[in-house]
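Counted the way mature numbering (1 follows the signal peptide of the UniProt record, and there is no 0) counts, the sequence shown spans residues -25 to -1, 1 to 365.
By construction, the Cβ of each residue, glycine as well, lies at the ideal position given by its N, Cα and C atoms.
Remember, it's a predicted structure, so these values are computed and weren't measured experimentally.
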Amino acid sequence: MNSDGAVRSLGAVLFLVIFLSLMSGEVGDPQDEGDAGDAAGGVSGSSVHMEKVYGFVSCVVAVLLYGTIYVPVKKVETGDGMFYQWISCAAIWVVALIGDILLRSSKAHPAAMLGGMIWATGNICLVPVVKCVGLGLGMLLWGASGLLIGWASSLFGLFGLEPEVVSRPLLNYCGAALCLLSTLLFFFVKIDAQKPSCSEATPILIQERSFSDGLRSTDSWVDTISPKSRRPLGCIIAILSGLLFGSSFVPIIYIKHHAFSNNSMFTGSSQNDLDYCFAQSSGIFLMSMLYFVIYCAVMKNRPRVYPRAVLPGVLSGVMWGIATYCWLLANRRLGPVVTFPIVTAGYGLVAALWGSVVFKEVRGLGNCLLFAVACCMVLTGSILTVLSKL
């Protein structure tokens, strides 16, 4: 796809922001609707049903976008990833700014920026993980560890949060367990994460220009790691990054839960998850900027910049920003206990499909069968999690 096609793609995802703003304004806040329904004699069954439909549709969109955000840079040289993460985080902030203007969001407490800073810390490991263990396995490990910390903090009240209640706890436990077990199966799938040949180096979404970056792939420290050490190192980094990703929404949930306490600094804070998206994205951009400045200082003001990674990085950031709005909208309708297992397991599955089907990271009959079994477990776990809330 040429640059015009990339611009059209960016326009399409920005249109989705407008769609979300209209849907949010039309549907309204669930809490407000609940209060109005109680005053009128109760909320109708159809209204409750539509709330869940909006939530599950938002989950699906978030899963698809999260699972695809790293596809644009899969076959684009990004070096150590520091320049790429700065570009993508800048795009995330722009999307959040547009969304904040369109939604006319209420002012959020600055503490919500902490979640963005946590996420940005995990994001600097993105490129090394993809280079070490591949797109599919890397995102599956992110999803598994993120699922564990996010689901547990919501259900059991970790980090000072109020425990969430589900109508069918057993189904919720079984669903989350299946999602984790599926990731363990994915771990045993052999991944071919070798660097593509020159004939395959054209990115899937952005066509390469004829000019050269003047940099070799060996400039990245990841490329100097021995093949035997790459997989364990990549898995460890992916798990640690996933824990940070899964914790990124904890500050928002904490602020919301303490908004009704008279002795809390968060008293009166908004209960609408979407109001916190801009604050979180601001934390992401500020932290990524800090990391990039430190990186430039360490490199003695000679950072490794890859021009061909700019537009793919922007596209990845835009998709992440849209996906986050969808996830927060789903949290607003269904609650984090349901959305965390669905989204974290779901986007890992989508990324695994990209890695195995498009980029041929999974080869061999045995690997394909193991991959299929793990996929079925992910789907089953997600369905059980959904049923636990109904």
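(message) Tell me which residue opens and which closes the alpha helix (DSSP H) that residue 158 is part of.
(response) Start and end: 144 to 162.
(request) Could you check the C-alpha separation between residue 73 and residue 297 for me, to the nearest Å? (result) Going from the Cα of residue 73 to the Cα of residue 297 covers about 11 Å.
(request) Flag this pair as yes or no: are the beta carbons of residue 88 and residue 258 separated by less than 8 Å? (result) Their beta carbons are under 8 Å apart, which means residue 88 touches residue 258 by this criterion.
(message) Could you compute how far the alpha carbon of residue 223 sits from the alpha carbon of residue 357?
(response) Residue 223 and residue 357: Cα-Cα distance of roughly 21 Å.
(message) Assuming residue 349 and residue 220 are in contact, meaning their beta carbons sit under 8 Å apart, how far apart are those beta carbons, in whole angstroms?
(response) Taking the Cβ atoms as the reference, residue 349 lies roughly 20 Å from residue 220, outside the contact range of under 8 Å.
(request) Under 6 Å Cβ to Cβ from residue 295, same chain only, skipping five residues before and after it: list those, please. (result) The answer, listed in chain order, is 44, 67.
(message) With a threshold of 6 Å on Cβ separation, who are the neighbours of residue 280 within its own chain once the five nearest residues in sequence on each side are excluded?
(response) Excluding residues within five positions, the ones whose Cβ falls inside 6 Å are 58.
(request) Give the range of the alpha helix (DSSP H) segment to which residue 57 is assigned. (result) Residue 57 -> alpha helix (DSSP H) spans 57 to 78.
(request) Tell me whether residue 150 counts as near the ligand ZN, meaning its Cβ is closer than 7 Å to at least one heavy atom of that ligand. (result) Absent from the structure shown: the ligand ZN. Ligands present: none.
(request) Give the secondary structure of residue 200 by DSSP, where H, G and I count as helix, E and B as strand, and everything else as coil. (result) Three-state result, residue 200: coil.
(message) Counting C-beta neighbours from all protein chains within 10 Å, is the total for residue 134 16 or more, i.e. buried, or is it exposed?
(response) Only exposed fits residue 134, as fewer than 16 other CB atoms lie within 10 angstroms of its CB.
(message) Per DSSP, what are the beta-bridge partners of residue 166 in this structure?
(response) Bridge partners of residue 166: 337.
(request) Enumerate in chain order the residues of its own chain whose CB-to-CB distance from residue 104 is below 7 Å, with the five nearest sequence positions on each side excluded. (result) Result list for residue 104: 113, 209, 212, 213, 216, in chain order.
(request) For residue 100, name the three-state secondary structure that DSSP assigns. (result) For residue 100, the secondary structure class from DSSP, reduced to helix, strand or coil, is coil.
(request) Determine the burial state of residue 196: buried for a count of at least 16 other Cβ atoms within 10 Å of its Cβ, exposed for fewer. (result) Looking at its Cβ environment, which holds fewer than 16 other Cβ atoms inside 10 Å, residue 196 is exposed.
(request) Measure the alpha-carbon distance for residue 332 versus residue 353 and round it to whole angstroms. (result) One C-alpha to the other measures close to 17 Å.
(message) For a quick check, are the C-beta atoms of residue 368 and residue 81 less than 8 Å apart?
(response) There is simply no residue 368 to check, as the chain begins at -25 and stops at 365 in what is shown.
(request) Please confirm whether residue 63 and residue 321 have their CB atoms less than 8 Å apart. (result) Cβ distance not < 8 Å, so residue 63 and residue 321 don't count as in contact.
(request) Drop a sphere of 10 angstroms on the beta-carbon of residue 275, count the other beta-carbons inside from all chains shown, and report buried for 16 or more, exposed for fewer. (result) So residue 275 counts as exposed.
(message) With a threshold of 8 Å between beta-carbons, can residue 197 be considered close to chain D, or not?
(response) No chain D is present in this structure, which holds just one protein chain.
(request) Measure the alpha-carbon distance for residue 248 versus residue 256 and round it to whole angstroms. (result) Here the alpha carbon of residue 248 sits roughly 13 Å from the alpha carbon of residue 256.
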